[in-house]
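Right, one structure below, let's go through it.
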């Protein structure tokens, strides 16, 4: 559960440190937890150093180096999970989940259902992605909509270090397969107060990151940062924006989204993934279906265009939906 | 190839025959029910491949793991999944191993160690590694056997899985049931090697080819591989040469298969051949063999009747088992 800040001891951590701390706690808490992925042992501790210190602390059996073999990584995690373990596979970049989509979608997502509940797959697939790092088209995609579309998977996209820690611990101890998406834009920029100890944020519970009455922005991941910045800026003009940080896309906290929009009558959905068939389409459709008569304006989407992620800085910046687009969309609703 | 596994005892030989008989009679009954229109759906007959399953499974404990494919009836029966539950799952009934949600291509019965049946060619191998890894990490001596066909040795997952199993010395036996056709394509039109077992060399593990229609040789070769895995010495690629008598899928006319090849294979049907051998060598009396066949026929008839009479799942369970809690939305 989310615990009120004042009752809990916190300390300031970066996003990567928060993930590292969650992994450390999970590994210390339960012998069934182990991690596997490319280059995750010392000295590197993974492509982005998430495992720093954990390889030495827990050894090569529980922090397992793998070959560059995404199908083998995902399959090993699934097999271990159906026989009683709680594996945490790392697929270094979200685009590489496509390399093992058969294992992830045909097997991890479906083995519980196809077995009538007899072989649950409690794995937590950690993966990094997002535009802005200059990695280009094959290392930057947000593919969350594709994964939400696979019944049986849960999908988590944290927006700050405290949530990253709390959501990762909940994911690892959840009995379903979870894909945990870590956005580059938060990795090294985001710092925040993080509760010490075994801190959990429940899956399926959105966070009202900022309360407001004039319009609702529904968003997740790194875009929460931009949306809050826009809301702060508009507040100076007396415009009061509510920002809903979904935290998890599946399970989706539909009640919080609808509650907020029912109050403000106006909604903008913001995400970094491309617009076509993006998760924003699902949100917009849900809001329209449930609140059609109450909406003052149609729901708007602020997203990336329907292109691959470009390399050139100027193009990459134009690709990412940022504060100007968010602000323009909000203003057009008022 | 010399084996360190002794020939199976008379009792084990009779047990292998009993398993193969239960498989063949199940398959025959299933096909006749399909032909008479009593049941529908997809069906991939393992007729002809009984001993590739029965001889390997004779070494397995209930807590050992098996992964198989959509052509999996023989592997499922051999692993000890009770026929009533198995038949009910094949017919999509609530009393099936998976409550009817899996069907023939997705049978799972973990309490008998039948962990995954996959409908995707080659996908079971990486998962078998995970089962082996879990046994290794938990410090048990459970062995995982993963069955697949020759066609599966051409997908990437095969190569990734063999490599990782070798690097981690996993207690996994990769059993290629080489029936010489990948769906409708003859082996050498889609595969660069005549013997799949030679591919083991690329992954520093033993690769053994055995006549999968010879239950004694297959039992011995499997015994070596399973013992090796159980004592922690790592994986083996075991290739059992066999043949599928009924083509790829029910209704397949096998036009791509030379008539003489099929006729020769069927004339050499391993089941009556082993039956005759058991009697000839005094391993079993005619009375014992007939008793095994009678009991198997009764068991299959009972399972079929049970499954045909069993109710379909309540539509209310459509959206359960998607996630751990509650129903899908």
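Chains as they are written, first to last, in my numbering: chain A, 728 to 1061; chain B, 589 to 917. Just so it is clear, CB atoms sit at the ideal spot from N, CA and C, and this is done for glycine as well. These numbers were taken from a predicted model, which means no experiment stands behind them.
Margin query: Against chain B, with Cβ distances strictly below 7 Å, would residue 768/A count as a contact?
Written below: no
(message) Using the three-state DSSP reduction, which class does residue 1050/A fall into: helix, strand or coil?
(response) helix
message: Three Cβ pairs or more, each shorter than 8 Å: is that satisfied between the stretch 794-805 of chain A and the stretch 706-718 of chain B?
response: yes
Review point. Is any beta-carbon of chain A found at less than 7 Å from that of residue 788/B?
Key: no
Of the residues that make up the stretch 681-694 of chain B, which ones have a beta carbon closer than 7 Å to any beta carbon in chain A? 686, 687, 689, 690, 694
| message | Contact defined as beta carbons within less than 8 Å: I believe residue 829/A pairs with residue 912/B. What is the distance between those atoms, to the nearest angstrom? | response | Rounded, the Cβ-Cβ distance is 23 Å, inconsistent with contact.
Next item on the list: Quick one: residues in its chain with C-beta nearer than 6 Å to the C-beta of residue 752/B, no 5 flanking neighbours on either side, listed in chain order?
Entry: 717
Check your understanding: What does residue 794/A touch in chain B if you count any residue whose Cβ is under 7 Å from its own?
Key -> 751, 752, 755
**Request:** Determine, using beta carbons only, whether residue 939/A comes closer than 7 Å to chain B.
**Result:** no
task = For the stretch 948-988 of chain A, list the beta strand (DSSP E) runs that are entirely contained and at least 3 residues long, ordered along the chain.
result = 968-972, 975-977
Quick one: residues in its chain with C-beta nearer than 7 Å to the C-beta of residue 751/A, no 5 flanking neighbours on either side, listed in chain order?
781
- Would you kindly check if the distance between the Cβ of residue 975/A and the Cβ of residue 930/A is under 7 Å? yes
**Prompt:** Can you give, in chain order, each stretch of the beta strand (DSSP E) that sits fully within the stretch 787-850 of chain B and has at least 3 residues?
**Reply:** 795-799, 824-829
**Asked** Are three or more beta carbon pairs between the stretch 933-943 of chain A and the stretch 903-914 of chain A nearer than 8 Å?
**Response** no
- Give the DSSP bridge partners of residue 1009/A, in chain order. DSSP, once it has assigned bridges, lists no residue as partnering residue 1009/A.
Comparing C-alpha positions only, which one of 732/B, 658/B, 895/B sits nearest to residue 682/B?
895/B
- Item | Contact with chain A by residue 910/B, beta-carbon distance below 7 Å | yes
(message) Counting only beta-carbon separations shorter than 7 Å, does residue 805/A have a partner in chain B?
(response) yes
Discussion item. So if I threshold CB-CB distances at 8 Å, which residues from the stretch 866-886 of chain A count as touching chain B?
Written reply: 878, 879, 881
### Where residue 756/A falls, given that 16 or more other Cβ within 10 Å makes a residue buried
exposed
Subject >> Separation of residue 895/A from residue 921/A, as counted between CA atoms >> reply: 13 Å
In chain B, which residues lie less than 8 Å from residue 829/A when you measure between Cβ atoms?
-> 708, 711, 745
Name, in chain order, the residues that DSSP records as bridge partners for residue 763/A. 791/A, 816/A
Within 7 Å (strictly less), CB to CB, does residue 698/B reach chain A?
yes
Check your understanding: Mind checking residue 868/B: buried by the 16 CB within 10 Å criterion, or exposed?
Key -> exposed
Inset, instruction - Could you work out which residue in 786/B, 873/B, 889/B, 768/B is closest to residue 778/B when comparing CA atoms only? - result: 768/B
**chain B contacts from the stretch 888-919 of chain A (Cβ-Cβ distance under 7 Å)** = 902, 903
Open item on the list: Measuring alpha carbon to alpha carbon, tell me which residue in 769/A, 949/A, 986/A is nearest residue 860/A.
Closed with: 949/A
Residue burial classification, residue 881/A (beta-carbon count within 10 angstroms, cutoff 16) | buried
Just the Cα atoms here: how many angstroms apart are residue 844/A and residue 905/B? 11 Å
Using only the alpha-carbon positions, how far apart do residue 633/B and residue 592/B sit?
33 Å
Q. Is DSSP giving residue 1027/A helix, strand or coil here?
A. strand
Please compile the residues from chain B whose C-beta is within a distance smaller than 8 Å of the C-beta of residue 846/A.
-> 696, 698, 703, 704
Give the straight-line distance between the Cα atoms of residue 699/B and residue 810/A, rounded to the nearest whole angstrom. 11 Å
According to DSSP, residues forming a beta bridge with residue 739/A:
920/A
With 7 Å as the threshold, decide whether the Cβ of residue 721/B is near any Cβ in chain A.
yes
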